[in-house]
Structure formats: C-alpha cells, structure tokens
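S.K.: Have a look at this one before I ask anything.
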Amino acid sequence: MELLAFGDTGWGDELFYATLMTIAVSITAMIIGFCFAAIFTPLKLSKSKFFNLIANSYTTVIRGVPELLVIYLFFFGGSGAVMYVASIFGYNEYIEINAFITGAFAIGIISGAYSTEVFRGAVQSIDKGQFEAAKVLGLSKFAQFFKIILPQVLRLAIPNLSNVWQITLKDTSLISVTGLVEIMRQSYIAAGSTRDPLFFYSFAAVLYLLLTFLSMKLINKLEIRYSRGY
Amino acid sequence: MDFELMFTSFPKLLSATLITLKLLSVSLIIGLFIGLLFAILRLNKNIFVNKFAYGYSYIFRGTPLLVQIFIIYFGLGQIEYLRSTFLWVILKEPYWCAIIAFALNTGAYTSEILRSAFQTIKLGMIEAGKSLGISNKIIFYKIQIPIAIRQSLPAYGNEIILMMKGTSLASTVTLMDLTGVAKYIISTTFKPIEVFIVAGGIYLFMTFCIHNIIKFLEKKYSF
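And the structure:
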C-alpha cells in the first residue's frame, strides 16, 4: 500500500493523473471518431458508388489492420506528414507533434471506423415512413434531420456506441508505446523503478476495470434517457 | 513512394506472418477449449460456479489485452515460488506468455459467444430429444453443441479477426511477429507509409480469408 501513497513517496498521485490522461485521450479519440463518422456515414449511405467505395475502404482497412500498426504509422509518420504539408506553405523548420495529439488521432480514426458502422446500421434500421412523414409535414431539411431522424438514430446507436467506447478505452493502452504517460505507461515506469511489475500491472488492470464499470453505469443512464417513450 | 523498400521488405514481413499465424492458431485452439469450459460453467445452476465464470469473463473483457500480457510476462516472473516450479520453463518464454494471454483473452470472449448461443437454443429441441429417449449426455453432445456452434459462427468469426489483430501485441514482449518486424523496418528506414501499406495489406488479406472461410462455413451449416 505504501507504493500507492500520494506525494513523493508513492505512485498514487502519478497513477491518478495517468488515469485522468487515459480518460482525456479516450474522450478526445471518441470525439474525433464521431467527426469521422459524421463524414463517412453519409458517404456510406449515399447512392453514389464512388462515395460508397471511399467509405467502405476506410472502414474495411481500419477494422482489418491491427491498432498497433495504425499507431506506429501515426507515431513515425505523423510529424513527417505535417512537415510536408507545412513545407508547401513555405515553413521548413522541424515540427514535432505532441504524443497526446498523435495518440488521440490514431485511436480516433480507429474508433471512427467502428462508429461509422454503428451509425450506418442505426440509420438503416429507421423506418422509411419516418423520413417520408417528416417530408410530408413540410419540415426543413435541418429540422427533419435534427428533430426527427437524429433522436431515433441516437436511441438505436447508444447500446452499440457503448461497445465502441469500451474498445476505444482499451485501445488507449496501446498509445503507451509512443511515450504518452497514461495508465499503462505510468505502470511501466513505476514497475521499472520499484521492480514490482506484478503489483503495478495488476493495479493498472483494476483501474481499467473501474473505468469500464463506471462508464457502463453512465451509459446505461443515457440509454434510459434516450429510450423515453418506448 | 519507395517501391524498392516495399519489394525488399515483403519477404521479411511474409516470414514474420508465419509467427503471427502460429500465435493465432495455437491461442484460438486453447481459447476455444477455455471458452467452452467457461460457457458450460456459466450455465451451471450453482451460484458460486456461475459467479466465478462470470468474473473471469468480466475481468478479461474489461481490461486491455496489453495489461494481461504484461502481467503474465513481467508480473508472474516476480513470484519466487513460480520460478522453482516446472511452470517457469513455459513462463520465461515470451512466446508462451503471449499465447497464454491471448488464449485467456479469447477464451473469455468465446465463453460469452457460446453461452448466448446455448441460451438461444429452443427448449423444444431438448424436449424433443428427451421424448425420443436420448440420454442427457448425448443430447448435449449431439444436439446442443452442434446447434450452438452454428449459432455462434458469425460472432466467432469476428472474434477470430479481433484476435488476429490482437496478436500484434506480441511485438511488445520482444516477439518478432508481423507488427514487430514492420515496426523494426519503420524505425530503421523511417518510411512508415510504405511499410504500413505492405504489412497492412498482409493483415487485410488474412482478414479477407478468415471472413470468407466463416461465410462458407455459415452457408454449409445453415438450416
């Protein structure tokens, strides 16, 4: 227990901040994922074969390739790509991207592929009559989407999105290979300097379990909220 | 684009794919047994047995695979007692540590898949078996298990693909699997995109094959 003391003598505060970092990366990645889903879901549902191809190759490639490989691509290739873009605008200095952004982006792209599939499924399972009724009522396109379709999509998507959240949360452990100090990295450092890997990795496992448990509780509440009236 | 690098790295990556496939197949086979065992325990009426099996699957599904590998590879070596037993022969090898972690992990997911498959079997089928005078044991082996396998094929196919991606974590415990070799080539040449295309292409090809095999099996065993 001494090992977990807060302050200079133990690893309690370090692990606490590392847990906050894990939560921050997961939420950022989830939001980035939603942005990707917002772009690719319409492409998937569009009637154009070309758009379908783009969206399908995104989800297939990302879901078929290990997360670790994607993270390595971003870790080693990220600053190169940014520097290339910057050089077009005439900026030639070395740019280093911070590990948080690289990690959140890599995990975000992965989580986005799963979210896209979830949203596609949800939109497709909404009754066609709902779209037609919205049109018949003379609602604007904006109102049709935000007042009629989106609430129903959310109700259908939330249970599956909770799975995506769990996957995203667990994937953040892989960012530790890039040196971002989240739960896994902090446990690695602590295990290295105390020579007590069993304790620290087990504690990391407990922290992850706690996070998944608490987030399930929260999501269940959301689920109830969004299925009012059913 | 450095096409020469892509050509020269392809054979290296391909030979690393063999390790990936070995890890995958061994851990899937062990995992299937673990999964079946725990699925049966989950259906047990004894509350302790039931809770134990639930706890196992909850813990392994609620924590990242990376933590599990690290606990087994770095953590278990710390226990003095284990070092003196014959288990140490296995546990000092990163290869077997990775396989134990993968098998336990996929076992947890498989047990959930099989449990839900067992639960969706219609009671009428078991009753029909009973009324024909078939013994409980044979009902289980000849009626429940084949139906459960068919029911769980699509979900199990996903699990195989997830596990194939999971084997990439073996590279974190010094094993040179496909991802490990890809990372090595990237960090020596600093050409991440080329290597990613080749290694990712190999992974995608494997995903494609697994997907089609499962689809074929689904068709073959559909009723």
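Those protein sequences? They're chains P and D, same order as listed.
Heads up, the first sequence is in this note's numbering, so the first residue is 51 and it goes up one at a time.
Heads up, the second sequence is in this note's numbering, so the first residue is 2 and it goes up one at a time.
Every residue gets a Cβ at the ideal spot worked out from N, C-alpha and C, and that includes glycine.
By a C-beta neighbour count over all protein chains shown, 10 Å radius and 16 as the cutoff for buried, is I101 of chain D buried or exposed?
M.R.: Classification for I101 of chain D: buried.
S.K.: Run through chain D and tell me which residues come within less than 9 Å of M234 of chain P, C-beta to C-beta.
M.R.: Simply P65, L67, V68, F71.
S.K.: Report the three-state DSSP secondary structure of Y222 of chain D (helix, strand or coil).
M.R.: It is coil, neither helix nor strand.
S.K.: Once the 5 residues before and after F56 of chain P are set aside, which same chain residues still bring their CB inside 6 Å of it?
M.R.: Within the same chain, F56 of chain P has close Cβ partners G62, D63.
S.K.: Using the beta-carbon count (16 or more within 10 Å), is Q120 of chain D buried or exposed?
M.R.: Exposed: under 16 other Cβ atoms inside 10 Å.
S.K.: Let me know if Q180 of chain P comes out buried or exposed under the rule of 16 or more other beta-carbons within 10 Å of its beta-carbon.
M.R.: Q180 of chain P should be labelled exposed.
S.K.: How long is the line joining the alpha carbons of L77 of chain D and L83 of chain D, rounded to whole angstroms?
M.R.: Going by the C-alpha atoms only, they are around 8 Å apart.
S.K.: Could you check if C98 of chain D is buried or exposed, using at least 16 other CB atoms within 10 Å of its CB as the buried criterion?
M.R.: So C98 of chain D ends up on the buried side.
S.K.: Taking 8 Å as the threshold (C-beta atoms), are V227 of chain P and T173 of chain D in contact?
M.R.: It is a contact, given that the beta carbons lie within the stated cut-off.
S.K.: Can a CB atom of chain P be found closer than 8 Å to the CB of P193 of chain D?
M.R.: It does: the Cβ of P193 of chain D has a partner Cβ on chain P nearer than 8 Å.
S.K.: Compare the C-beta of K220 of chain P against all C-beta atoms of chain D and say whether one is closer than 8 Å.
M.R.: Yes, contact with chain D.
S.K.: Suppose contacts are defined by Cβ-Cβ distances below 8 Å. Is F39 of chain D in contact with G108 of chain D by that definition?
M.R.: In contact: F39 of chain D and G108 of chain D (Cβ atoms closer than 8 Å).
S.K.: Taking the continuous alpha helix (DSSP H) assigned at N213 of chain P, which residues delimit it?
M.R.: Run containing N213 of chain P: 200-221, per the alpha helix (DSSP H) assignment.
S.K.: Can you pull the chain P neighbours of L205 of chain D, defined as C-beta to C-beta under 8 Å?
M.R.: Within 8 Å Cβ-Cβ: T110, V111, G114, V115.
S.K.: Within 8 Å of any Cβ in chain P, is that where the Cβ of A200 of chain D sits?
M.R.: It does; some Cβ of chain P falls within 8 Å.
S.K.: Could you tell me which uninterrupted beta strand (DSSP E) segments, each at least 3 residues in length, are contained entirely in the region 100-152 of chain P, listed from first to last along the chain?
M.R.: Complete beta strand (DSSP E) runs here, min 3: none at all.
S.K.: Is the Cβ of F126 of chain P closer than 8 Å to any Cβ of chain D?
M.R.: Yes, F126 of chain P lies at the interface with chain D (some Cβ there is under 8 Å from its Cβ).
S.K.: If the criterion is Cβ atoms closer than 8 Å, does the pair K266 of chain P and V68 of chain D meet it?
M.R.: Residue identity differs from the one stated: residue 266 of chain P is Met in this sequence, not Lys. Going by C-beta atoms, M266 of chain P is not nearer than 8 Å to V68 of chain D.
S.K.: Mind reading off the beta-carbon distance from G63 of chain D to L259 of chain P? Whole number of angstroms is fine, and I expect it under 8 Å.
M.R.: Going by Cβ atoms, the distance from G63 of chain D to L259 of chain P rounds to 5 Å, so yes, they are a contact pair.
S.K.: Please report the distance separating the alpha-carbon of Y144 of chain P from that of V132 of chain P.
M.R.: Y144 of chain P and V132 of chain P: Cα-Cα distance of roughly 10 Å.
S.K.: To the nearest whole angstrom, what separates the beta carbons of T222 of chain P and V75 of chain P, a pair I think is in contact under 8 Å?
M.R.: Their Cβ separation, rounded to whole angstroms, is 5 Å, which keeps T222 of chain P and V75 of chain P in contact under 8 Å.
S.K.: Going by CA-CA distance only, name the one from D:P95, D:Y204, D:I73 that's closest to A17 of chain D.
M.R.: Nearest C-alpha to A17 of chain D: D:Y204.
S.K.: Taking contact to mean 3 or more Cβ pairs, one atom from each stretch, closer than 8 Å, check whether the region 193-210 of chain D and the region 118-130 of chain P are in contact.
M.R.: Cβ pair count under 8 Å is three or more, so yes.
S.K.: Inspect the beta-carbon positions of E117 of chain P and L257 of chain P and report whether they are closer than 8 Å.
M.R.: The answer is no: Cβ separation not under 8 Å.
S.K.: For E160 of chain D, collect the residues of the same chain with a Cβ closer than 7 Å to its Cβ; drop the 5 residues on either side in sequence, then sort them by chain order.
M.R.: The answer, listed in chain order, is T107, Y110, T111, I114.
S.K.: Less than 8 Å between the C-beta atoms of A156 of chain P and L230 of chain P, yes or no?
M.R.: No, the pair does not count as a contact, with Cβ atoms beyond the cut-off.
S.K.: For the candidate residues P:A154, P:N142, P:T109, whose alpha-carbon lies nearest to that of R170 of chain P?
M.R.: It is P:T109.
S.K.: How many angstroms separate the CA atom of F139 of chain P from the CA atom of S129 of chain P?
M.R.: Rounded to whole angstroms, F139 of chain P to S129 of chain P spans 15 Å at the Cα level.
S.K.: Would a check of beta-carbon distances place I80 of chain D closer than 8 Å to chain P?
M.R.: Judged by the 8 Å Cβ criterion, I80 of chain D is in contact with chain P.
S.K.: Under 7 Å Cβ to Cβ from I122 of chain D, same chain only, skipping five residues before and after it: list those, please.
M.R.: Closer than 7 Å at Cβ, skipping near neighbours: Q145, I148, A149.
S.K.: Roughly how many whole angstroms lie between the Cα atoms of I73 of chain P and A87 of chain P?
M.R.: The straight-line gap from Cα to Cα measures roughly 21 Å.
S.K.: Apply the 10 Å Cβ neighbour rule to V135 of chain P and answer buried if 16 or more other Cβ atoms are within range, or exposed otherwise.
M.R.: By the 10 Å Cβ count, V135 of chain P comes out exposed.
S.K.: Tell me the start and end of each unbroken alpha helix (DSSP H) in the region 105-192 of chain D that is at least 4 residues and wholly inside, in chain order.
M.R.: Correct list: 124-132, 146-167, 179-190.
S.K.: May I ask you to list, following chain order, the residues of the region 169-183 of chain D that have a beta carbon less than 9 Å from some beta carbon of chain P?
M.R.: Listed in sequence order: S169, L170, S172, T173, L179, T180, A183.
S.K.: Given a cut-off of 8 Å on the beta-carbon distance, is the pair T244 of chain P and M80 of chain P in contact?
M.R.: Cβ distance not < 8 Å, so T244 of chain P and M80 of chain P don't count as in contact.
S.K.: Hey, is I146 of chain D's beta-carbon within less than 8 Å of any beta-carbon in chain P?
M.R.: No, because no Cβ of chain P sits closer than 8 Å to the Cβ of I146 of chain D.
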